[in-house]
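Those sequence lines, one after another, are chains C and Y.
For the first sequence, this note's numbering begins at 1 and goes up steadily by one.
For the second sequence, this note's numbering begins at 1 and goes up steadily by one.
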Amino acid sequence: MSERRRDPLSGEWVTFATHRQDRTFLPPSEQCPLCPTTDPTAPTEVPWPSFDVAVFDNRFPSMVAHPPPPDVAGSGLHQVLPAVGATEVVVYSDDHQASLALLGRARIRLLVDVWAERYAALGRRRDIAYVFVFENRGEVVGVTLHHPHGQIYGYPEIPPVPARQLAVAGRHLAEHGTCVVCDVVAQERSDGLRLVAGNDAFIAFVPFAARFPYEVHVVAHRHAPSLLDLSDPDRDALAAILEDLLQRYDALFGFPLPYVMAMHQAPAADGEWQAVSHLRLEFTPLHRAADRLKYLAGSELGAGAFLSDVAPERAAATLRAAG
Amino acid sequence: MGKEWRATASGEGGVTGQASQDHAVADRLVPDEHGRVRLDGAWEFFPTARSLADLEVCPPEPIWVPGLWEAQGRIELDGEAWYRRCFSLDDAGGWWSLCFAAVMDLAEVWLNGRPIGAHDNAFTPFTLNPTGVLRAGPNELVVRVVDPAVDDPEHLRLAHGKQGWANHVFPSRPSLYMTYGGIWQSVTLRRHGPVILDKVFVNADPDDLRIDITLANRSDAPRRAEVAARAVGRLGGSSLVIEPGDGAVAVVAFGETRALRWSPAEPQLHTAVVDVVVDGQASDARAVRFGLRTVSVDGTRLVLNGEPYRMKSVLVQGFTADRLYAEGTRAEIEAEVGAARAMGFNTLRLHIKAFDPTYLDVCDELGMLLHCDIPIAEPIAHEELGADGDSLVGTRAVQAVRDQIERDRNHPSVILWSVMNELGLYRPEVRSWAGYERFARALVAAARECDPTRPVIENDWVEPDPEHVFAGDVLTAHWYGRLHADYLDKIERSSAYWRRLDRPLLVTEFGDWGLPGMPELSDPPFWDTRAIYASGLAATRWPASIARFISETQRYQGLSDRLQAEVFRRHDHIGGYCLTELTDVPHELNGLLDLHRKPKPMAVAEMARVNQVVLPILQLDSLVVVAGSMVRAPLYVANDGEALSDVEIEARFGESAHAMHLSGIEGYRAAPVGHVALPAPGVPGSHDLVVRLRSGGRLVAENRYPVHVVPAPSAEGIGVCLPGPSPATRVVLEALGVVIGDQGPMVVGEEELGPEAARQVRSCLGEGGTVVVLAQDVARSQHYPIPLTLQPVETVWGSSVFHFTTDSGAIASLSRRNVLVAEDSTVQARSVVLDIDGAPFPDTPVVIAYKPVPGALTGTVVGSHQVGAGRLVFCQYRLCGPAAKGDAAALALLADLLGWASVPRALLEVEEDGLADGRRVARYSHHWAVAR
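Now the structure itself:
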């Protein structure tokens, strides 16, 4: 079963990919499908004995370029569509034990170029409206393979979270004539209270209304709608601040901190997105203490209303002191 | 008579509440012991009235007198407005004078419905005779005030001062050079006898002290007036008969006096008390403060109290944050003058405005000398220029000279008059017209007639131009430019050129710009420019805080001002300088203080340094030197004090020092005393070259130069190719050790980007190569391989283009995130890259130019941009000429530029393959591309 169904209550689309139940789940390292192929008789997903960064289509995709027809027939109330889109895996290194934090500046810099190249390539597809780069790190956020990697999804429509953010940005632009993220960056640089790290092109800060205790956003100083708008020095700066932030995360509680990284850029769909899109990478760790997680419970899941018990300013100070 | 009302005063300068025609109450006023009735306070204001009759139907608004109406919220009001003050006197008997200290610009006055006089000078006092019209009981005083708009022909016929100046460059708002209106100084009614003291002039000469007393008989019968004057312990007087309505002059000569003299160091003031008695009754009396001192011209020098005087002046325009074109309180004036004095200035130039007399009083008391301008300035009706009586503008200008000098000539602080300023600035040919010559001669003659004791500047002009100075005693120059080796060299040559003049030469205007502090105010004034500068700066890619940028521009301003002043101090025949200016006026940012009187600390410190009485000066070609190289420079000493003996001068630069001993240094002279030669520090960075002067072992003066020490420039072994023969470029590159062949980046020489070079540039970039394009003029922008706009960076009248570095660090000899002060002063760009490939900045800007106003400009001087697979590196600094002469800054920049262009770049490489199930897989790596 591979199809997308629209929730008639929320208007949001849910993708069903039942074959993913069979996907590889936390295999032993010698059976890692993301490691390089050292024995041609036992090929992995990467057919080379070594590599820097590799990208391939997910073996268990939730969306594909040419999906089968839906299993069920839709109706006016219950709409259903084929699960068109893209799901790519980005393997950060051929070292199974590595992590993004420890790849080194040059490899992160290469990764930035790869993200940019894939954003451009997928964005050119007519069936893709939004290219979403993300990483799930750590078992607590649902990782099924330990090998350092991230993913890129190409959605056929703008997903709910960026759609809401773009709508807010559009209203802000209409009212103030400015990009809301630019204004946030200016405010955070001015206040300094929630800054975690910064360089000449990017800042990392705990958002004013962070939903998770150690949530951090990495944002370009200037209005860059996507990675494609970054110059070489800007990309250097992005690599530098990612390395800095991730090493702080790992130092925070003394273990590699699980997180979800979500990168938001201008949609690929037709539209006037340049003025309201501002590249940012959102990191969401689930830990609120070394031994405690922030669970999405009744208020968050049922009402979409987040509660937090750590002040963003204090979290930022803690992260500044870490690493 | 209109209904009477009372407004509620909220204190000086403000009025609250609404005028109400329901409250028919006139102020009952009682003369003080001197017969004076002050009419300051709340008046009725009729901004829409157009005739006396309109006052009966127009609703009045409250307004405060004294004060400009623009400072009371009526910023846009130009043209005509009416004032009314109703008051009641118990007794109107005797003779009266109604005195307006100043009304801007034109005034017509009615008392109880009868016209009693008019005045057409915005800055000077006028006295009217209300005797016979004034009555016991209610009186109604009405003043029609006209503030001609900047486009009103009447504006061109007035001595308007700075009103409406250069609005084409600095439009209002936020410029304060708008036109103003209002009764902006006090109004007084005075009762006296039949004969009044119209004018009293004390000539201040201790060798021949004299008081000229002008009297007027206000009565309708001949009167015998007994005049008496007392001063410096002497008493004199005379008796004379004055016909009705006539005037007379009494002269009281005291001769030589040994009373204490007035000097800047000891500002001793005296008072002359003059009274006139008619028929045994006191008719009028006046106390006039004066000082005993002399000022004269001796050849090419000005002499004060017999000693050579060298002007160290700063220009004051008389704008304030809240009162706009009106001076502050006495305490504020004292603070302002005290601040200028603390910076080492001995003189203030009160610029094209008759300042509130309180300002002159304070300067008398604090010993601050004054160079006072008459407010005759552009824009003016050039075609109507002529002598008194030739035209309205001629008549008014002569009267403006007389009125101001007669008001201010008793102030000992005043030592110099300028009767006009920069007349003909935008039409210099005017100075050759006969009408202009008659105008100039008439103004100077009027000044000399009113005050034969002080020298006169005819037209405070931008160049000495003695051929067009017909009657003035002193020549002037207004030399504006930015901190640039070429500019310093230019004023050095200009200073030297004018050394054989027969009159004193003063540089009465010069000065560079620095941004003011920008505190966020809860209730910013309408002229507040914070948002303009903050948003402008935010768009420049300046990588640090606004506060740091501001302080760096002030560092630039200070060094620029100081180095220019040092040029003037090196030349003994230049009688001094006047820095423009003491306080900013939006958008004129050359103040040492901002308009709130907050200092720009680094600029203040540099002017205090150059204003020292004794100043050792090094004539350095550049403030950039190579580490370990020998630094050689002529050494001067400017001594504006007594002669010095047993003089030791030491120059210290890092660990090295150079000392010289002189038996003495002449007083009141500037002269070369030798040369300094010492090695620069071996460590690159910023180092101060310090010069100390001791006399008899006592430290007398210290000067210091911030020198940027760069590593020895070298591009040894770097390979480049040239698209053509480029002989000039070749010589410079080879001097740096560059290997010229077919390897490495392509270098396009200055002004060599033509069609053929452009073809080769495109080819090189297409192959993934790097091309360095050195400075090109605007016309060559069409040949760049991508759309690119070059914009000239002319310095428009005093404004400054600030250069700063980003965080790129690509040019190692320039510090990152720094406003460049002297690091690039020998190589400056004539144009910058305004946009490239549709974007305001290249991929990697390294040096950015930013000019806030006028004509805001942000552009890139040095940067790089990806073009296809290749990279374009551009540099609009002019390097080759200075580099060929061995200029350290040019060589270091060029070497850095080539080193940067030669560094390999990371390009993304992709290798694709297929998996067994048909999926595609790709592996990515960085390929390090060499420059070509």
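Glycine residues also receive a C-beta, built at the ideal position from the N, C-alpha and C atoms.
* Near-chain Y residues of the segment 102-123 of chain C (beta-carbon distance less than 8 Å), N- to C-terminal order -> Ala106, Arg109, Leu110, Asp113, Val114, Glu117
* Output, in chain order, the set of chain Y residues within a Cβ distance shorter than 7 Å of tryptophan 13 of chain C. => Taking the first residue of the first sequence as 1, we reach residue 13 of chain C at position 13. Chain Y residues near tryptophan 13 of chain C: none, gap ~25 Å exceeds 7 Å.
* Asked: Name the DSSP bridge partner or partners of asparagine 703 of chain Y?
  -> As a working mapping, residue 703 of chain Y is identified with position 703 in the second sequence. Answer is Y/Val691, bridged to asparagine 703 of chain Y.
* To do: Assign glutamine 18 of chain Y to one of two classes, buried (16 or more other C-beta atoms within 10 Å of its C-beta) or exposed (fewer than that).
  => What you label residue 18 of chain Y is simply residue 18 of the second sequence in a count that begins at 1. Residue confidence is low: glutamine 18 of chain Y scores 41 on pLDDT, short of 50, so the model does not pin down where it sits. Its coordinate-derived value is still stated next. Its Cβ having fewer than 16 others within 10 Å, glutamine 18 of chain Y is exposed.
* Asked: When DSSP labels each residue in this structure, what does proline 138 of chain Y get in the three-state scheme?
  -> As a first step, residue 138 of chain Y must be located in the second sequence, where it is residue number 138. Reduced to three states, the DSSP call for proline 138 of chain Y is strand.
* Using 10 angstroms around the beta-carbon of glycine 387 of chain Y, count the other beta-carbons present and answer buried if the total reaches 16, otherwise exposed. => For the purposes of this step, residue 387 of chain Y is taken as residue 387 along the second sequence, with counting starting at 1. Looking at the sequence itself, residue 387 of chain Y is alanine, so the reference to glycine does not match. The residue is buried, with at least 16 neighbouring Cβ atoms inside 10 Å.
* **Cβ-based neighbour list, glycine 11 of chain Y, same chain, cut-off 7 Å, excluding 5 preceding and 5 following** => Numbered from 1 along the second sequence, position 11 holds the residue referred to as residue 11 of chain Y. Caution is warranted here: a pLDDT of 37 is assigned to glycine 11 of chain Y, below 50, making its placement in the model unreliable, and the coordinate value is therefore given only provisionally. Contacts found: none.
* With respect to 7 Å, is the separation between the Cβ of cysteine 578 of chain Y and the closest non-hydrogen atom of the ligand ATP below this value? -> Judged by which ligands are present, the structure shown has none, so any question about the ligand ATP falls away.
* For methionine 104 of chain Y, which beta-bridge partners are listed by DSSP? -> As a first step, residue 104 of chain Y is located in the second sequence; it is residue number 104 there, counting from the start. Y/Gly182, per the DSSP bridge assignment.
* To do: Step through the CB atoms of chain Y and report whether any lies within less than 8 Å of the CB of aspartate 39 of chain C.
  => Translated into the one-based positions of the first sequence, residue 39 of chain C becomes position 39. Chain Y, which has no Cβ nearer than 8 Å to the Cβ of aspartate 39 of chain C, makes this no.
* **chain C residues whose Cβ lies nearer than 8 Å to that of histidine 803 of chain Y** => Translated into positions along the second sequence, residue 803 of chain Y becomes position 803. Within 8 Å Cβ-Cβ: nothing; histidine 803 of chain Y doesn't reach chain C, min ~18 Å.
* Secondary structure, beta strand (DSSP E): runs of 3+ residues fully inside the segment 64-137 of chain Y -> 79-89, 95-100, 106-111, 114-119, 126-128
* Asked: Considering only C-alpha positions, which residue in the set Y/Arg920, Y/Arg570, Y/Thr583 is nearest to alanine 670 of chain Y?
  -> Residue 670 of chain Y sits at position 670 when you count from the first residue of the second sequence. Here the closest residue by C-alpha is Y/Arg570.
* Asked: From the beta carbon of histidine 924 of chain Y, is the nearest beta carbon of chain C less than 8 Å away?
  -> Taking the first residue of the second sequence as 1, we reach residue 924 of chain Y at position 924. The residue you asked about is not histidine; residue 924 of chain Y is tyrosine in the sequence shown. Tyrosine 924 of chain Y counts as touching chain C.
* Asked: Applying a beta-carbon distance threshold of less than 8 Å, which residues of chain Y neighbour phenylalanine 56 of chain C?
  -> Position 56 of the first sequence, counted from the first residue, corresponds to residue 56 of chain C. The answer, in chain order, is Leu915, Arg919, Arg920, Val921, Ala922.
* Asked: Exposed or buried, what is phenylalanine 331 of chain C when buried is set at 16 or more other beta-carbons lying within 10 Å of its beta-carbon?
  -> Outside the shown range of chain C, which is 1 to 323, sits residue 331 of chain C, and nothing can be said about it.
* Asked: Are the C-beta of valine 161 of chain C and some C-beta of chain Y separated by less than 8 Å?
  -> On the first sequence, residue 161 of chain C is found 161 positions in, with the first residue counted as 1. It does not: the Cβ of valine 161 of chain C has no partner Cβ on chain Y nearer than 8 Å.
* Residue-chain proximity (valine 181 of chain C, chain Y), Cβ-Cβ < 8 Å -> Here residue 181 of chain C corresponds to residue number 181 of the first sequence, with the count starting at 1. Not an interface residue.
* Nearest to aspartate 373 of chain Y (by Cα), restricted to the options Y/Asp284, Y/Glu449, Y/Thr508, Y/Phe254 -> For the purposes of this step, residue 373 of chain Y is taken as residue 373 along the second sequence, with counting starting at 1. Considering only alpha carbons, the answer is Y/Thr508.
* Asked: Does the beta carbon of valine 46 of chain C sit closer than 8 Å to a beta carbon anywhere in chain Y?
  -> Here residue 46 of chain C refers to the residue found at position 46 when the first sequence is read from its first residue. Answer yes: the Cβ-Cβ gap between valine 46 of chain C and chain Y drops below 8 Å somewhere.
* Does the beta-carbon distance from histidine 687 of chain Y to proline 681 of chain Y come in below 8 Å? -> Counting from one through the second sequence, the residue named residue 687 of chain Y turns up at place 687. Counting from one through the second sequence, the residue named residue 681 of chain Y turns up at place 681. Contact: yes.
* Answer yes or no: does any C-beta atom of chain Y fall closer than 8 Å to that of isoleucine 53 of chain C? => Taking the first residue of the first sequence as 1, we reach residue 53 of chain C at position 53. Strictly speaking, residue 53 of chain C in this sequence is valine, with isoleucine absent from that position. Answer yes: the Cβ-Cβ gap between valine 53 of chain C and chain Y drops below 8 Å somewhere.
* Asked: What residue from Y/Ile811, Y/Met178, Y/Asp105, Y/Asn590 has the CA that sits closest to aspartate 896 of chain Y's CA?
  -> For the purposes of this step, residue 896 of chain Y is identified with residue 896 of the second sequence, where counting begins at 1. Residue Y/Ile811 is the option with its Cα nearest to aspartate 896 of chain Y.
* threonine 347 of chain Y by DSSP, collapsed to three states: which one? -> The sequence position of residue 347 of chain Y within the second sequence is 347, counting from 1. In this structure, threonine 347 of chain Y counts as strand in the three-state DSSP scheme.
* Interface positions of the segment 172-202 of chain C facing chain Y (Cβ-Cβ less than 7 Å), listed along the chain -> Asp200
* Between the segment 232-244 of chain C and chain Y, which residues of the former have CB atoms less than 7 Å from a CB of the latter, in chain order? -> Asp232, Pro233
* With 8 Å as the threshold, decide whether the Cβ of aspartate 843 of chain Y is near any Cβ in chain C. => As a first step, residue 843 of chain Y is located in the second sequence; it is residue number 843 there, counting from the start. Yes, aspartate 843 of chain Y lies at the interface with chain C (some Cβ there is under 8 Å from its Cβ).
* To do: List the residues of chain C whose Cβ lies closer than 7 Å to the Cβ of aspartate 1014 of chain Y, in chain order.
  => There is simply no residue 1014 of chain Y to check, as chain Y begins at 1 and stops at 932 in what is shown.
* Asked: Going along chain C in order, which residues have a C-beta closer than 9 Å to the C-beta of leucine 908 of chain Y?
  -> In the second sequence, the residue the question calls residue 908 of chain Y occupies position 908. Residues of chain C passing the Cβ test: Leu110, Asp113, Val114, Ala116, Glu117.
* Which residues does DSSP pair with tyrosine 850 of chain Y in a beta bridge? -> The residue given as residue 850 of chain Y occupies position 850 in the second sequence. Tyrosine 850 of chain Y pairs with Y/Phe802, Y/Thr858.
* Asked: Quick one: which chain B residues come within Cβ less than 8 Å of proline 543 of chain Y?
  -> No chain B is part of this structure, whose protein chains are labelled C and Y.
* **Whole-Å CB distance - histidine 278 of chain C paired with histidine 223 of chain C, under 8 Å assumed** => To locate residue 278 of chain C, count along the first sequence from 1; it is residue 278. To locate residue 223 of chain C, count along the first sequence from 1; it is residue 223. Rounded, the Cβ-Cβ distance is 6 Å, consistent with contact.
* **Reduced DSSP category for methionine 261 of chain C - H, G, I as helix; E, B as strand; rest coil** => In the first sequence, counting from the first residue as 1, residue 261 of chain C sits at position 261. Reduced to three states, the DSSP call for methionine 261 of chain C is strand.
* **Inter-residue Cα distance where the pair is histidine 146 of chain C and histidine 96 of chain C** => One-based indexing of the first sequence puts residue 146 of chain C at position 146. One-based indexing of the first sequence puts residue 96 of chain C at position 96. Rounded to whole angstroms, histidine 146 of chain C to histidine 96 of chain C spans 7 Å at the Cα level.
* To do: Measure the alpha-carbon distance for phenylalanine 470 of chain Y versus glutamate 437 of chain Y and round it to whole angstroms.
  => Looking up residue 470 of chain Y in the second sequence gives position 470. Looking up residue 437 of chain Y in the second sequence gives position 437. So the two alpha carbons sit approximately 7 Å from each other.
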